[in-house]
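Reviewing the structure listed below.
Residue numbers (my numbering): 23 to 120.
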């Protein structure tokens, strides 16, 4: 044994939760934020760059959470398929004769 216990429903639940949370996080900042005027061109440029960086980090984090949801779903499908294949092999293939 590998030392891992996989519960199929838990993988699906985790995948669904990651998907929901990724979407909820993405919706916290759905559009690029408007840059307020700081009264000086230098300050305005710094504010714009800072807000753009925060927006990009927010977007990347939301995508990463959603990607984990897809990975969990993929893992669920692979475990389920492998278990089915093992069951088929153990129950349908005649044992070798010596």
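For glycine and all other residues, C-beta sits at the position ideal for the given N, C-alpha and C.
query: Closest residue to residue 60 among 76, 70, 102, 74 (Cα-Cα distance); result: 70
query: Pairwise C-alpha distance: residue 57 and residue 107; result: 56 Å
query: With 16 other Cβ atoms within 10 Å as the buried cut-off, status of residue 33; result: buried
query: CA-to-CA distance, residue 96 to residue 36, given in whole angstroms; result: 12 Å
query: Where residue 128 sits in the DSSP three-state scheme; result: Only positions 23 to 120 of the chain appear in the structure, and residue 128 is not among them; the question remains open.
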